[in-house]
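First the structure, in the form of structure tokens, and then the observations on it.
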Amino acid sequence: MRTTVAITSVLAALMLAMHARAQDDPREPSANQEESASAASGACRCGQTMEWVQLAPQGAKFELADSGRRFVPWGFNYDHEGDGRLLEDYWVDQWDRVDSAFREMKQLGANTVRIHLQFGKFMVSEDVPNATSLHQLRRLVQLAEEVGIYLDITGLGCYHKADVPAWYDQLDEPARWAAQAAFWRSVAATCADSPAVFCYDLMNEPVVPGGDGQRSDWLGPAFAGKHFVQFIALDRQGRERSAIARQWISTLVEAIRQHDSKHLITVGLVPWSLDRPGLTSGFSPPAIADLLDFLAVHVYPEAGKVDDAIDIVRAFAATGKPVVVEETFTLKCGANDLETFIDGTRNLATGWIGFYWGQTPEEIRPAQSIPASLTLSWLELFQRKTDTILGHVRAVRCEGRYPGHLQGICATPEHIFWSFTTDLVKTDLAGRIVARIEVPTHHGDLCCRGDRLYVAVNLGQFNHPQGHADSWVYVYDQSDLELVSKHPVPEVRFGAGGIGYREGRFFVVGGLPPGIAVNYVYEYNADFEFARQHTIASGSTLMGIQTAAYWRGCWFFGCYGTPRVLLVTDSSFRLLGRYAFDCAYGVDGTATDRLLVAEGACENGQCWGGIFSAIPDPAAGLRRAEP
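Position one of the sequence shown corresponds to residue 1 (my numbering), numbered consecutively onward.
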């Protein structure tokens, strides 16, 4: 039986409450300000902390757990390099090849890499794992954390039949499943504490026998010396195929959950898993979707039949689960058709993973063979699509001019949202207006969360020593900017101006009268019930804090002043640095290694706004990134 993975592997082989704590005077620096800043100085390397990936509460999507930002898996299968050897064949003696490959994939734009672990390399006996392999897996996870790559860990591979232990093939069905559960328990125990693991894929393209007879071999026929299909039973014994699939999935999920309750779980399915005429795998998506966190499907569009490939993804998405196209490639079509497929599944899938076999486009050019040409066309397409898929914004101006100046920005992989004091604007990633509404003054900073837009609003005075603010958070629907709800936040008594999100809670910042040498952050739960007030030992800033964003372990706060001030704190609001960097018009983290910073100006009562990308800098806090 031939599978999509096998075909691409052959190609590779070919080329291969008040505003100060009760004990503190709010008009003076905290007594332990210097001590806190010193203690925090090395506590956080901004941008180096990976966030956990989880299911988004709304819609069939993924999000980063701390910031709530959308996560779109985009990357490569890295099952072997060009010489055809599997990962475990060289990851001990030639670790530098693995290290280089991960850094190259990251440089190409990948945020996700799928690895394929072989059962025979990980299990010494039915219930005893191979300590060396587990050590190398842990080393690989640590490399992923260092590089900033999320792992799709696919297990139970038997790709090289010579590496499959004889004792494993001799096990009956219950014993084989038990050995597979032992494999996953050991892998889960090794990886449970790492945010770099995106998911566990139980097996590559499993199949339940369709006939009534008994098979003699757990593996499908060899293709180019490799076995990419496994049967999870040899004899149905009168059972429904979907019942066998469900029992097998439940057994392995339970094994993983004994050690790991957080990471997502899926199984890599062939497109003919759908209940349609012809060959089927027994893993019908509607029958198994409830047991998995998301569905993974392998689709290779054919020239002239791209709509058929899109229809396959649509059928998987009909289950309501997130769908990741876990394998795709320019195998049966050209790059233009594959791009059409990816674009045509943007509203159906939430991730796409192709292949990388150890050569960058620069190393392949000029392509000397048909396989090399196919690989090069895929890698060039991957690079070309990365900004679009991941929502990268390098530098963009918002279309139009506005009576009020820019107050804040936030972005999703598809759109940018801009707050211009009395106008709320939605644009595409090129800055072209999609929607615009007039809003009450003063709409300030904003943040994106799920399908909602949260804006810090003050309808009263700013920075008055007696308060006199009228602070709110307005919530809008991202799709049409319709006002959904309004929430009073009276604790922000000097005027709500900025807002950020972290771990299910919202944090509002705002104005401040002159002479107060700290800043305040007001924490609310998801229903905007006040939780607590935090104090930042920041020193005085002009009119408090204007903008806020949480990104990879750090808070970034933009303040007015001459020069403008950037405050950076750790997750507990301990000051890490105060810098002369301007992000007072807006700052937003992304799911990548960059932040977005707003800029703008007003002339003759007409104001413009723009965005550029920035990266952390130990000396300047942030610095403008190269395009």
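Glycine included, each C-beta is placed from N, C-alpha and C at the ideal position.
Next item on the list: Buried or exposed for residue 36, please, with buried defined as at least 16 other CB atoms from any protein chain shown within 10 angstroms of its CB.
Entry: Residue placement at residue 36 is poorly supported in this model, since its pLDDT is 39, which falls under 50; the coordinates still yield a value, given next. Residue 36 is buried by the Cβ-count criterion.
Notebook entry, point to check: Roughly how many angstroms separate the alpha carbons of residue 609 and residue 401, rounded to a whole number?
Noted result: 8 angstroms
Notebook entry, point to check: Across which residues does DSSP place residue 244 in a beta bridge pair?
Noted result: Residue 244 is not bridged to any residue.
Check: Over what stretch of residues does the beta strand (DSSP E) that includes residue 612 continue unbroken?
Finding: 606-617
Check: For residue 486, which beta-bridge partners are listed by DSSP?
Finding: 474
Check: Just the Cα atoms here: how many angstroms apart are residue 25 and residue 512?
Finding: The predicted model places residue 25 with a pLDDT of 35, which falls under 50 and marks its position as unreliable; any figure quoted below should be read in that light. Whole-angstrom Cα-Cα distance: 15 angstroms.
Margin query: Rounded to the nearest angstrom, what separates residue 437 and residue 481 at their Cα positions?
Written below: 7 angstroms
Notebook entry, point to check: Within the chosen definition, does the segment 131-140 reach the segment 297-304 through at least 3 CB pairs nearer than 8 angstroms?
Noted result: no
Notebook entry, point to check: Taking C-beta to C-beta, are residue 469 and residue 439 nearer than 9 angstroms?
Noted result: no
Checklist line | Where the beta strand (DSSP E) through residue 408 begins and ends | finding: From DSSP, the beta strand (DSSP E) with residue 408 extends over 408-411.
Item checked: Under 9 angstroms between C-beta atoms of residue 342 and residue 324 -> no
Next item on the list: Compute the beta-carbon to beta-carbon distance between residue 408 and residue 586, rounded to the nearest angstrom, for a pair I have assumed lies under 8 angstroms.
Entry: 4 angstroms
Next item on the list: Measure the CB-CB distance between residue 49 and residue 505 and report whether it falls below 9 angstroms.
Entry: no
Note to self: Output needed for residue 59: all residues of its chain with C-beta closer than 8 angstroms, excluding positions within five of it in sequence on either side, in chain order.
What the structure shows: 450 and 451
Note to self: Starting from residue 108, trace the alpha helix (DSSP H) in both directions and tell me its first and last residue.
What the structure shows: 95-108
Notebook entry, point to check: So the beta strand (DSSP E) residue 549 belongs to, where does it begin and stop?
Noted result: 542-551
Note to self: Quick check on DSSP: helix, strand or coil for residue 317?
What the structure shows: helix
Next item on the list: Confirm, please, whether the CB-CB distance from residue 322 to residue 62 is below 9 angstroms.
Entry: yes
Check: How do the segment 361-372 and the segment 87-101 stand: do at least 3 beta-carbon pairs fall below 8 angstroms, yes or no?
Finding: no
Note to self: Can you tell me whether residue 244 is buried or exposed? The criterion is at least 16 other CB atoms within 10 Å of its CB, across all chains shown.
What the structure shows: buried
Next item on the list: Along the alpha helix (DSSP H) that carries residue 149, what are the first and last residues, could you check?
Entry: Where residue 149 is concerned, there is no enclosing alpha helix (DSSP H), given that its DSSP letter is neither H nor E.
Item checked: Continuous beta strand (DSSP E) assignments of at least 3 residues falling wholly in the segment 371-440 -> 395-397, 408-411, 415-419 and 421-428
Note to self: Which residue marks the beginning of the alpha helix (DSSP H) containing residue 185, and which one marks its end?
What the structure shows: 173-191
Note to self: Taking the straight line between their C-alpha atoms, what separation do you get for residue 196 and residue 466?
What the structure shows: If you take the alpha carbons of residue 196 and residue 466, they lie about 48 angstroms apart.
Notebook entry, point to check: Between residue 308 and residue 345, what straight-line distance do the alpha-carbon atoms span, to the nearest angstrom?
Noted result: 11 angstroms
Check: Which residues bound the alpha helix (DSSP H) around residue 122?
Finding: First-last of the alpha helix (DSSP H) with residue 122: 119-122.
Check: To the nearest angstrom, how far is it from the Cα of residue 632 to the Cα of residue 569?
Finding: This structure gives no information on residue 632, because the portion of the chain shown stretches from 1 to 627.
Item checked: residue 562, buried or exposed, once every other Cβ within 10 Å from all chains shown has been counted against 16 -> exposed
Next item on the list: Report, in whole angstroms, the separation of the C-beta atoms of residue 297 and residue 326, which I expect to be a contact under 8 angstroms.
Entry: 7 angstroms
Note to self: What does the alpha-carbon distance come out to for the pair residue 206 and residue 273?
What the structure shows: 10 angstroms
Margin query: By the DSSP assignment, the alpha helix (DSSP H) with residue 338 in it spans what residues?
Written below: 335-344
Check: Between residue 114 and residue 619, what straight-line distance do the alpha-carbon atoms span, to the nearest angstrom?
Finding: 36 angstroms
Note to self: Can you tell me whether residue 29 is helix, strand or coil according to DSSP?
What the structure shows: Below a pLDDT of 50, predicted positions are generally treated as unreliable, and residue 29, at 38, falls in that range; no measurement from the model is reported.
Notebook entry, point to check: Straight-line CA distance for residue 57 to residue 363?
Noted result: As the crow flies, the alpha-carbon of residue 57 is around 42 angstroms from that of residue 363.
Margin query: Mapping the DSSP letters down to three states, classify residue 206 as helix, strand or coil.
Written below: strand
Check: Do residue 121 and residue 152 have their CB atoms nearer than 9 angstroms?
Finding: no
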